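Residue numbers (the numbering used here): 660 to 1115. The next block holds one structure in the form of structure tokens; read it before the comments.
Below is the structure:
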């Protein structure tokens, strides 16, 4: 009997992972306000490492506090955070699982700015507000671009010093790199705007700066949107097409990238990422957490809150997904990129059937796949595949309640049907990662002042 390609190792230039399923970038507000990570995050990541994935791709990890996407997520903007990330890496490695840190910057797409970024416009390639929520921003100066390039290089160095297995640049889904790459967003007239080469310059400078800082022997991959599909709101431009992204991927490989992680869409969330349902009852109860973050959020809240208005948003949102399956939604685009480069390509897109993953790898569409929601629903999905199941017994329904609960509630599965309608079972699953059992410490008391010594 031939070996299952899903469970054959994947060797990159500098690391090897034990199988072809990676946990994609996902996390909740598990960490401290100052950006330091917690035991809860370690518990979260180990849930998937224990389940058998070959590698974990972290959630977005900002390289600067002004690039925070959501407050309460860990950052890597300080040297004294290195031991914390080292501890997390050690925990994941106990399960023969690699850990790749996603270096990120929000740009204008700052969902929950937190106290550090309150009343501060996000830095971007443009002065134009973000299209869906109306997040305000201002165009970065040349000096700010240079400082941000250096921040990414320092973040990669910190990840290497922490003993992590590599880094991923988040150049997909509407964050800062996308804001430079996309022809629908970038309206600059300097060396970072205009032609495709100019729009790609920021990303390529970051890749080169990381290579200068950490050398050729530390894994570096790039997550990129194959097609922008920026016209979620019909009056917006479409943005980059597949041919443009293929060229950017070629340049990224030449600059020093070891792998590519292929997604879709120029904002997050996007109808094509993550594809699936859009539960209005859920977002109506959580979106208020974002009301102060953008100038168009109140408009959105009304569309979410009132049933008579929901059809408007539903029509706008789902017109992009007509005729496309949820599982493997970006596989054709990943195939086109893989045919154009010589480095491994990872495809993300709701994978939970082994037969689809097996076919994708065997036919050369990609070298590996990444999943998030399917693994939130079934963290032991790789073990279920190894046991001979094509799909999990209790599969992810792609309801997206996990995503739309995230602004206010713990990240996890909220599909009550998957818990047999038992709300307590669902809560038990959500709360499991909070079993931290910390040692509570008493702050030191300053020594009593000697009042007699002060007497003249």
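No residue lacks a Cβ here, since even glycine has one placed at the ideal position from N, Cα and C. Keep in mind that this is a model prediction, so the values were computed, not measured.
Asked: Comparing alpha-carbon positions, which option in 845, 747 and 752 lies nearest residue 785?; Found: 845
Asked: Going straight from the alpha carbon of residue 1089 to that of residue 700, what length do you get?; Found: 13 Å
Asked: According to DSSP, what are the bridge partners of residue 1042?; Found: In the DSSP output, where bridge partners are listed per residue, residue 1042 has none listed.
Asked: Who are the Cβ neighbours of residue 859 in its own chain at under 7 Å, not counting the five residues just before and after it?; Found: 840, 907 and 910
Asked: Roughly how many angstroms lie between the CA atoms of residue 641 and residue 901, to the nearest whole one?; Found: Nothing about residue 641 can be reported from this structure: the residues present for the chain run from 660 to 1115 only.
Asked: From this set, 1042, 738, 991 and 904, which residue's C-alpha is nearest residue 1013's C-alpha?; Found: 1042
Asked: Give the DSSP-derived three-state secondary structure of residue 748 in the structure shown.; Found: helix
Asked: I need the straight-line Cα distance from residue 1024 to residue 991, nearest angstrom please.; Found: 7 Å
Asked: Comparing C-alpha positions only, which one of 757, 775 and 740 sits nearest to residue 680?; Found: 757
Asked: Using a threshold of 7 Å, state whether the C-beta atoms of residue 861 and residue 851 are closer than that.; Found: yes
Asked: Between the alpha carbons of residue 717 and residue 1106, how many angstroms are there, rounded?; Found: 43 Å
Asked: Note down the Cα distance separating residue 826 from residue 685, rounded to an integer number of angstroms.; Found: 15 Å
Asked: Considering only DSSP beta bridges, list what residue 926 is partnered with.; Found: Looking at the DSSP assignment, residue 926 forms no beta bridge with any residue, so it has no partner.
Asked: Can you tell which of 922, 912 and 948 has the C-alpha that lies nearest to the C-alpha of residue 834?; Found: 922
Asked: Taking C-beta to C-beta, are residue 708 and residue 676 nearer than 7 Å?; Found: no
Asked: Which residue marks the beginning of the beta strand (DSSP E) containing residue 601, and which one marks its end?; Found: The chain is shown from 660 up to 1115; residue 601 falls before or after that span and cannot be answered.
Asked: Return the chain-ordered list of same chain residues with a C-beta closer than 8 Å to the C-beta of residue 746, the five sequence neighbours on each side being excluded.; Found: 701
Asked: Please classify residue 661 as buried or exposed, where buried requires at least 16 neighbouring CB atoms within 10 angstroms.; Found: exposed
Asked: Nearest to residue 960 by CA position, among 1050, 793, 788 and 688, is which residue?; Found: 793
Asked: Return the residue from the list 780, 768, 743 and 1101 that minimises the CA-CA distance to residue 820.; Found: 743
Asked: Return the first residue and the last residue of the beta strand (DSSP E) that residue 1007 is part of.; Found: 1004–1007
Asked: For the candidate residues 954, 976 and 926, whose alpha-carbon lies nearest to that of residue 887?; Found: 926
Asked: In or out: residue 703 buried (at least 16 other Cβ within 10 Å) or exposed?; Found: buried
Asked: Would you call the CB atoms of residue 868 and residue 808 closer than 7 Å?; Found: yes
Asked: Could you compute how far the alpha carbon of residue 814 sits from the alpha carbon of residue 736?; Found: 6 Å
Asked: Under 7 Å Cβ to Cβ from residue 1071, same chain only, skipping five residues before and after it: list those, please.; Found: 1035, 1061, 1088 and 1089
Asked: Taking the continuous alpha helix (DSSP H) assigned at residue 954, which residues delimit it?; Found: First-last for residue 954: undefined, no H or E at that position.
Asked: Beta-carbon separation of residue 1007 and residue 683 under 7 Å?; Found: yes
Asked: DSSP has residue 932 in a bridge; who is on the other side?; Found: 929
Asked: Taking the beta strand (DSSP E) that residue 782 belongs to, which residues open and close that run?; Found: 781–783
Asked: Report yes or no: do the segment 933–946 and the segment 960–978 share at least 3 C-beta pairs separated by less than 8 Å?; Found: yes
Asked: Who are the Cβ neighbours of residue 917 in its own chain at under 7 Å, not counting the five residues just before and after it?; Found: 671, 672, 673, 878, 879, 880 and 1002
Asked: Just curious, the beta strand (DSSP E) that residue 986 is in, first and last residue?; Found: Where residue 986 is concerned, there is no enclosing beta strand (DSSP E), given that its DSSP letter is neither H nor E.
Asked: Can you name the residues that DSSP bridges to residue 921?; Found: 883 and 1006
Asked: Taking the continuous beta strand (DSSP E) assigned at residue 1078, which residues delimit it?; Found: Taken as a continuous stretch (DSSP letters only), residue 1078 belongs to no beta strand (DSSP E), as it is neither H nor E.
Asked: When you compare the CB of residue 1000 with every CB in chain D, is at least one pair closer than 7 Å?; Found: The structure shown contains no chain D; it holds only a single protein chain.
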